[in-house]
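Residue numbers (our numbering), protein chains in the order written: chain A, 19 to 322; chain B, 19 to 322.
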């Protein structure tokens, strides 16, 4: 039996602590003495008890290379803003047309479509205000700030997340089943790219060596894909009460998923293999990468 | 009779030359060997013969402080990407629901709503990839790149353009007429903020002094507002064949405009006054600010 290197690490406590810190920082970035309708919609979408996976990964990536995770907090928050904007827009009637997210009405239901579109736009824009802010620049060399902006914007744009969502929409409209290889590319764009940017931008703040960043790239590619496979599995056999959203929706929409293409058992095997490979990529890292190791395990064992 | 300082300056030739350069640069940024649907939609919206006012102002702002406008070209293109994204999203059915833009079907008509939302998102994101690119950094000190990203993202976000569009939507839905002072704030947010960022980011690339930038701020506030007043006037008495879009639409929608609130004659007087004040703000600048002076005049005499 393989002894997991993460056995001694209390992930639950770690995640709770990190999420509290991230939530507090997000709250500060979205603070306003007289909140406008846009700010209210932004806050509604952001402060909704999400998993905060991307910011947690960013802070853990910084820690893994020996950096001070506090300095990566603005990056962590910017990543969550970008993730939240993508959820708001994906939920719109013209896109996935979802009414429920994290157990609450989606932004366009709670407000209206125009406000939701604009709140998404504003969150995406605010991410770059945060990444170019004087307080962030005070902690991180200006050249590194620009590298991080470049990394994050590339992964979020037409060569990353946006392209992934477009492919997802096209696949859903198509009558043809998608080859598994194409599904893998779709996910590597739709969720993988920003997850990779999360880990690597954290490592960048922590002044990680090129070798360390290369290893973290492999780690994040593996967990990014595993995350999506696990999401597909949860949509089949998850508990809607825990998840805060409906299950079975992929099947109802005839959506291409791992379970629908390769079956549930094989999907679970794939997810497990990916997590083992992710942890193997961290071989040269010391105990400071324990959070990353534990998060990898969590990704396929989570209930929501 | 006042002798215009711009009499010797051939604005038409200048604008044609600048637009050709800007169009070529935008074309390069959106080049792709195998364009995806998203890239096609981005190109469709961007390469549509717009006035390129914001990029022209950016290059002219750089020139006015003695800088090399070529170095400001990435900023000019990023500004046009952000402007175009805002047009794509504003035209959506949930927002202004416009079918025609620059004489052609709007993006969501030519493609579909989901593609239009994503193409807008991708253009906004690409703007920041351009502003953090290595080629831009090669020409401009990294600290200045970050200042420019900060300036542009702030002016485009929830404290600028997005808030302006939200106020515009709320005003349109409201039965109450808007006080002129509130209409002025609305426009200073919706169009003024990004126009100001255009001129000032150009001046920043050109290493303009704090005094010069302060003067250019006043200049751009004045022309930004004049631009909107002129737009409102064109919507009343413009030629749809020249403008490439319908006129009279503001009245049909009972939209708050300068002509509807203070009348056509008074609106023209306000626009003229603003332009005089804009040109006065350039008093300490030499002939290199002639393009900015001529653009100010053009803003209220343009036909589209």
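Ideal Cβ positions, reconstructed from N, Cα and C, are used throughout, including at glycine.
Determine whether the Cβ of residue i lies closer than 8 angstroms to any Cβ atom of chain B.
i, result
"residue 146 (chain A)", "yes"
"residue 131 (chain A)", "yes"
"residue 55 (chain A)", "yes"
"residue 229 (chain A)", "no"
"residue 60 (chain A)", "yes"
"residue 311 (chain A)", "no"
"residue 155 (chain A)", "yes"
"residue 161 (chain A)", "yes"
"residue 44 (chain A)", "no"
"residue 150 (chain A)", "yes"
"residue 101 (chain A)", "no"
"residue 52 (chain A)", "no"
"residue 19 (chain A)", "Any reading at residue 19 (chain A) must be qualified, since the residue scores a pLDDT of 41, below 50, and its modelled position is unreliable; the value itself is stated next. Answer no: the Cβ-Cβ gap between residue 19 (chain A) and chain B never drops below 8 angstroms."
"residue 136 (chain A)", "yes"
"residue 285 (chain A)", "no"
Return the first residue and the last residue of the alpha helix (DSSP H) that residue i is part of.
i, result
"residue 277 (chain A)", "276-280"
"residue 143 (chain B)", "131-149"
"residue 220 (chain B)", "211-223"
"residue 180 (chain B)", "179-191"
"residue 244 (chain A)", "228-255"
"residue 42 (chain B)", "29-47"
"residue 97 (chain B)", "91-108"
"residue 305 (chain B)", "First-last for residue 305 (chain B): undefined, no H or E at that position."
"residue 72 (chain B)", "71-82"
"residue 61 (chain B)", "55-64"
"residue 156 (chain A)", "152-157"
"residue 258 (chain A)", "258-261"
Distance, Cα to Cα, residue i vs residue j?
i, j, result
"residue 246 (chain A)", "residue 36 (chain B)", "47 angstroms"
"residue 285 (chain A)", "residue 291 (chain A)", "10 angstroms"
"residue 242 (chain A)", "residue 252 (chain A)", "15 angstroms"
"residue 104 (chain A)", "residue 257 (chain B)", "40 angstroms"
"residue 148 (chain A)", "residue 102 (chain A)", "15 angstroms"
"residue 304 (chain B)", "residue 272 (chain B)", "44 angstroms"
"residue 129 (chain B)", "residue 204 (chain A)", "21 angstroms"
"residue 42 (chain B)", "residue 57 (chain B)", "16 angstroms"
"residue 114 (chain B)", "residue 250 (chain B)", "15 angstroms"
"residue 88 (chain B)", "residue 311 (chain B)", "20 angstroms"
"residue 141 (chain B)", "residue 26 (chain A)", "46 angstroms"
"residue 20 (chain A)", "residue 320 (chain A)", "Any reading at residue 20 (chain A) needs caution, since the residue's pLDDT is 46, under 50, leaving its predicted position unreliable; the model's value is listed next. Computed Cα separation, rounded: 21 angstroms."
"residue 308 (chain B)", "residue 82 (chain B)", "8 angstroms"
"residue 154 (chain A)", "residue 160 (chain B)", "14 angstroms"
"residue 131 (chain B)", "residue 62 (chain B)", "14 angstroms"
"residue 277 (chain B)", "residue 254 (chain B)", "8 angstroms"
"residue 322 (chain A)", "residue 30 (chain A)", "14 angstroms"
"residue 168 (chain A)", "residue 65 (chain B)", "24 angstroms"
"residue 50 (chain A)", "residue 162 (chain B)", "28 angstroms"
"residue 261 (chain A)", "residue 151 (chain A)", "35 angstroms"
"residue 139 (chain B)", "residue 135 (chain A)", "10 angstroms"
"residue 91 (chain B)", "residue 280 (chain A)", "49 angstroms"
Smallest Cα separation from residue i: which of the options?
i, options, result
"residue 60 (chain A)", "B:296, B:177, B:206, B:144", "B:177"
"residue 186 (chain B)", "B:193, B:215, B:274", "B:274"
"residue 94 (chain A)", "A:133, A:289, A:38", "A:38"
"residue 180 (chain B)", "B:202, B:240, B:107", "B:107"
"residue 133 (chain A)", "B:150, B:111, B:120, B:143", "B:111"
"residue 313 (chain B)", "B:62, B:54, B:74", "B:74"
"residue 182 (chain A)", "A:267, A:200, A:152", "A:200"
"residue 294 (chain B)", "B:80, B:316, B:283, B:197", "B:316"
Would you say residue i reaches chain A, if we count a Cβ-Cβ gap shorter than 8 angstroms as a contact?
i, result
"residue 175 (chain B)", "yes"
"residue 183 (chain B)", "yes"
"residue 271 (chain B)", "no"
"residue 116 (chain B)", "no"
"residue 39 (chain B)", "no"
"residue 143 (chain B)", "yes"
"residue 140 (chain B)", "yes"
"residue 212 (chain B)", "no"
"residue 158 (chain B)", "no"
"residue 110 (chain B)", "yes"
"residue 293 (chain B)", "no"
"residue 254 (chain B)", "no"
"residue 180 (chain B)", "yes"
"residue 261 (chain B)", "no"
"residue 205 (chain B)", "no"
"residue 315 (chain B)", "no"
Which residues share a DSSP beta bridge with residue i?
i, result
"residue 123 (chain A)", "A:118"
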